[in-house]
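**Student:**
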Amino acid sequence: MAEVITMPRLSDTMTEGKVAKWHKKVGDKVKEGDILAEIETDKAVQDFESEIEGTLLYVGVEEGGAAAVDSVLAIIGNEGEDISGLTGGAAAPAAEAEEKKSEEQPKAETAAPAAAEVPAGVEVITMPRLSDTMTEGKVAKWHKNVGDTVKEGDLLAEIETDKAVQDFESEFNGVLLKQGVEEGGAAPVDSVLAIIGPAGTDVSAVGAPKAAAASTEKPAEQKTEAKTEEKAAPAADASSSDRVAISPLAKKMAQDKGVDIHSVQGSGENGRIVKKDIENYQPAAKPAASAPAASAAPVAVSFVQGEDTETPNSQVRNIIAKRLSESKFSAPHYYLMVEINMDKAIEARKEINSLPDTKISFNDMIIKATAIALRKHPQVNSSWAGDKIIHRGNINIGVAVAIPDGLVVPVLKNTDQMTYTQISASVKDMASRAKSKGLKANEMEGSTFSISNLGMFGIETFTSIINQPNSAILSVGAIIEKPIVKDGQIVVGNTMKLSLACDHRVVDGATGAQFLQTLRTYLESPLTLLL
């Protein structure tokens, strides 16, 4: 029987593969272990060996062509065998169905009970994919509690993605029967977020078979025993914070204040810790324990021991770490630095701000000058795309903004066509909403170049990591008053240092240097922006 061979996933980030070279042609005999083809992934070219024997009957991807992972790469079978039902790709699973039936049977057996256990009228809501790069979501806030009535269009929760916090509305009517993720907790995309259905419906078994299937019988028994103990004494076992009866709000307050919830006496029902218990908590135990030691040795110096604390990473922080690491280790960075005389820029800003209802910053002037410079040097406004370089038609500048969770980069679309006042208003608006997590996902997408300004913090010079898929990022330092040489004389001047980080795959050293020369001209002679 013919076997369908699909495009393999040869790396974690691979989404499609390119056939660099075929080592077998249609009609050739293939043995197990023979090199079938060379597959070019997003990281390297790898030999792909055949795991079956037979005759190569069909090639699904021509040499030099690319195809998505799991699409038909080749078909191997007996010479002269009819494969017309497999070459379309849709019937490919038919050839593999019998072979995989035994492997998939356990999954089918566990999936069936899960589907059967969803009562009539009950809707299982899964963690939505709110951005293309989102792999998991964090529930920043629940707007509905278990038992609340939910109508279609009601705000169910606030979901923190890898880019922003977005409102998630219900598409169903009913009662919230279960919250699959606690407030502040995270879960993978497509996992159970909530369950909505008729009031009083028992949904305790919904989703349970998945957990049982992922474990052996022995852990299942242990889990049952643990649940029984938890019901018997909800606040007795202090070995895990999950077993302490505490409201979500009280738990969040305890985390923010660094309070050990195991040492808090709950005043709620069945000893449940509530908001007022955290507010009124007084950590008197530790000073009392150290008092006898102080009285026993009055001459000893008393030290207040510091306590290590942990802050769980937000989804934004995790994604920032992942993206910056990928950029730093995949893109060959190099850096160019230049010092700008800002005397004329300072005078120009004073004149502009003297106009009615006008107030711009030096950062606004730098953004405008950068956008015009990019228009003259389009190579710097390009992106690396593996086997090609994409030259961006629009100039969209991302402006790095610091927020409590790290760094976000809202984007000014078509920056080269904006006026000073438009740039100023847009930057202020986006920076304000970024700090309150009010930016929309599409306002942080599509940048072609980025700017990071730490001059406002007194930093004179620094380098930045490229915000991919951009090929360059400009780092802006502080304006410093210092002695400079002008016309052979030492005078007091105002200078600012700029650092340009470039991806050497796209921007050569000479290209980056020419871009900085143009930018210097615009900042040292602001009137040239009008030419």
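For the sequence shown, the positions run 14 to 544 when my numbering is used.
C-beta atoms are modelled at their ideal positions from N, C-alpha and C, and glycine is treated no differently.
All values derive from a computational prediction rather than experimental measurement.
1. I'd like the list of long-range same chain contacts for E62, defined as Cβ closer than 7 Å, with 5 residues on each side in sequence excluded.
2. Quick one: which unbroken beta strand (DSSP E) runs of 3-plus residues sit fully inside the stretch 191-224? Chain order, please.
3. Where do the ends of the alpha helix (DSSP H) carrying M443 lie?
4. What's the gap between the Cα of D290 and the Cα of V277?
5. Any beta-carbon of chain B closer than 8 Å to the one on I478?
6. In the DSSP assignment, find the alpha helix (DSSP H) that holds N331 and state where it starts and stops.
7. Measuring only the C-alpha atoms, how far is S254 from A177?
8. Touching or not, the stretch 381-399 and the stretch 469-478, by the rule of three or more beta carbon pairs under 8 Å?
9. My guess is that V74 and R22 are in contact by the Cβ rule of under 8 Å, so how many angstroms apart are they, rounded?
10. Reducing DSSP to helix, strand and coil, say where M147 ends up.
11. Given that a residue counts as buried once 16 or more other Cβ atoms are within 10 Å of its Cβ, and exposed if not, what is M350?
12. Is K154 close to the ligand SAM? I mean its beta-carbon at under 7 Å from any heavy atom of the ligand.
13. By alpha-carbon positions, which one of K450, I353 and V137 ends up nearest to G490?
14. Tell me the rounded alpha-carbon separation between D273 and N283.
15. Once DSSP output is grouped into helix, strand and coil, what is the label at E16?
16. So for E360, helix, strand or coil by DSSP?
17. Using only alpha-carbon positions, find the residue among L467, D95 and D356 that is nearest to L511.
18. Excluding sequence positions up to five away, which residues of its chain have a Cβ less than 6 Å from the Cβ of P496?
19. Since K389 is in the alpha helix (DSSP H), which residue starts that stretch and which ends it?
20. State yes or no: is the C-beta of K154 within less than 8 Å of the C-beta of V163?
21. Excluding the 5 residues flanking R330 on each side, which residues of the same chain have their C-beta closer than 6 Å to its C-beta?
22. Residue range of the alpha helix (DSSP H) that D516 falls in?
23. Anyone know if the C-beta pair for K44 and E16 falls short of 8 Å?
**Tutor:** Short version:
1. Cβ within range, chain order: G46, D47, I48 and L49.
2. Whole beta strand (DSSP E) segments, 3+ residues: 199-201 and 205-210.
3. Y433 to K448
4. 7 Å
5. Absence of chain B from the displayed structure is noted, only one protein chain being present.
6. Bounds of the alpha helix (DSSP H) holding N331 are Q328 to S343.
7. Model confidence at S254 stands at a pLDDT of 40, short of 50, so the residue's coordinates are unreliable; what they give is reported in the following sentence. Cα to Cα, S254 sits roughly 28 Å from A177.
8. no
9. So it is not a contact: roughly 15 Å between Cβ atoms.
10. coil
11. exposed
12. The ligand SAM is not among the ligands present in this structure, which contains no ligands whatsoever.
13. I353
14. 19 Å
15. strand
16. helix
17. Checking every option, the nearest Cα to that of L511 belongs to L467.
18. I503
19. F375 to K389
20. no
21. D418 and G419
22. Going by DSSP, D516 is part of no alpha helix (DSSP H) but of the beta strand (DSSP E) stretching over Q502 to D516.
23. no
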